[in-house]
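The sequence shown lines up with residues 1 to 196 when you count with the numbering used here.
Read the structure below first, then the notes.
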Amino acid sequence: MDDELYYHRVFWKIDRPSKFSDEDILVEPQMLFFFIIEVIDFAFRSNNVRGWAPLYDLDRLRADNSNKSYFNSDIGWAVCHHCAMDDAWLMATHEGFDVNKWLELPGDTFKNYTHQFLGLVIDKTKPVNVSIINGLAFTWLMARKAVENNKRSVVSRMIWDVVCLFKERFPFEWIYYDLQQWVQAYKVRHEELHRL
1 MDDELYYHRV FWKIDRPSKF SDEDILVEPQ MLFFFIIEVI DFAFRSNNVR
51 GWAPLYDLDR LRADNSNKSY FNSDIGWAVC HHCAMDDAWL MATHEGFDVN
101 KWLELPGDTF KNYTHQFLGL VIDKTKPVNV SIINGLAFTW LMARKAVENN
151 KRSVVSRMIW DVVCLFKERF PFEWIYYDLQ QWVQAYKVRH EELHRL
């Protein structure tokens with residue numbers, strides 16, 4: 001994890017017990033999996049992509065995880081914002097990401113290629129808290145390219161590869177809770193930028 005991320009941490013001062021722990025609790029892989037699925041599903045539905053049907057029963061996942069969720073529609077908005085998508089895609093393709101090659105790669109080679117370019121997008125994005133938004137935007141764009149090329153099975157493989165990388169790069173629960181605040185700042189800043 002990039003040490004700079006700690007400088008973006010949101011600290012709450014409230015008069016009642018917080019639902020957030022002061023400890024650095026590791027994110028659970030299944031919660032990260034659920035989060036990534038919600039992001040991808042939101043992006044597909046928001047962009048009206050033909051041929052998309054959720055890979056998993058989201059209602060069931062929401063019911064099973066009703067006590068904890070990292071996703072909200074503002075995160076979805078940030079991931080689908082054209083600046084995040086354009087920046088992420090440009091970074092990856094400029095460094096050599098080839099979607100057609102990626103779609104045909106087997107097993108570990110697929111995973112390594114996914115990690116290489118998703119990691120590159122995360123590493124090149126500054127400030128570091130925005131790197132999560134751009135990383136998720138690139139994830140959604142890879143999923144979209146797979147669906148558009150009739151390679152839906154690639155999306156399932158990719159989700160687990162993304163979960164592994166995010167677990168390594170963004171290992172703590174507080175990061176995903178704070179992301180809900182970071183996207184507010186991102187949203188306000190981009191609304192200002194696009195008004196100019």
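Built from N, CA and C at the ideal position, the CB exists for glycine as well.
Model, not experiment: these values are computed from the prediction.
Helix, strand or coil: how does DSSP classify residue i here?
i       : result
Phe-71  : coil
Leu-26  : strand
Phe-42  : helix
Phe-34  : helix
Phe-97  : coil
Phe-170 : coil
Lys-151 : coil
Val-49  : coil
Ser-156 : helix
His-194 : helix
Report buried or exposed for residue i, applying the criterion of at least 16 other Cβ atoms within 10 angstroms of its Cβ.
i       : result
Val-121 : buried
Arg-62  : exposed
Arg-199 : No answer is possible for residue 199: it lies beyond the span of the chain, which begins at 1 and ends at 196.
Leu-90  : exposed
His-194 : exposed
Ile-37  : buried
Ile-25  : exposed
Thr-109 : exposed
Glu-173 : buried
His-82  : exposed
Using only CA atoms, which one of the options lies nearest to residue i?
i       : options                             : result
Glu-28  : Val-99, Trp-89, Tyr-70 and Val-49   : Tyr-70
Arg-144 : Cys-164, Val-79 and Asn-72          : Val-79
Glu-95  : Cys-83, Trp-77, Asn-72 and Gly-119  : Gly-119
Asp-74  : Tyr-56, Lys-187 and Glu-192         : Lys-187
Trp-77  : Gln-30, Gly-51, Ile-133 and Asp-161 : Ile-133
Arg-152 : Lys-167, Tyr-56 and Glu-191         : Tyr-56
Phe-35  : Arg-50, Ala-88, Asn-65 and Trp-52   : Asn-65
Distance, Cα to Cα, residue i vs residue j?
i       : j       : result
Ala-92  : Thr-114 : 10 angstroms
Lys-13  : Leu-32  : Caution applies to Lys-13, whose pLDDT of 43 falls short of 50 and renders its modelled position unreliable; the value that the coordinates give is listed next. Computed Cα separation, rounded: 26 angstroms.
Trp-102 : Arg-157 : 12 angstroms
Leu-136 : Arg-60  : 23 angstroms
Ala-146 : Asp-41  : 14 angstroms
Glu-191 : Gln-116 : 31 angstroms
Arg-16  : Glu-148 : For Arg-16, the pLDDT reaches just 48, beneath the cut-off of 50, and the residue's location in the model is therefore unreliable, leaving the point undetermined.
request  = Jot down the residue ranges of each uninterrupted alpha helix (DSSP H) in the segment 104 to 138, minimum 4 residues, whole runs only, in chain order.
outcome  = 107 to 124
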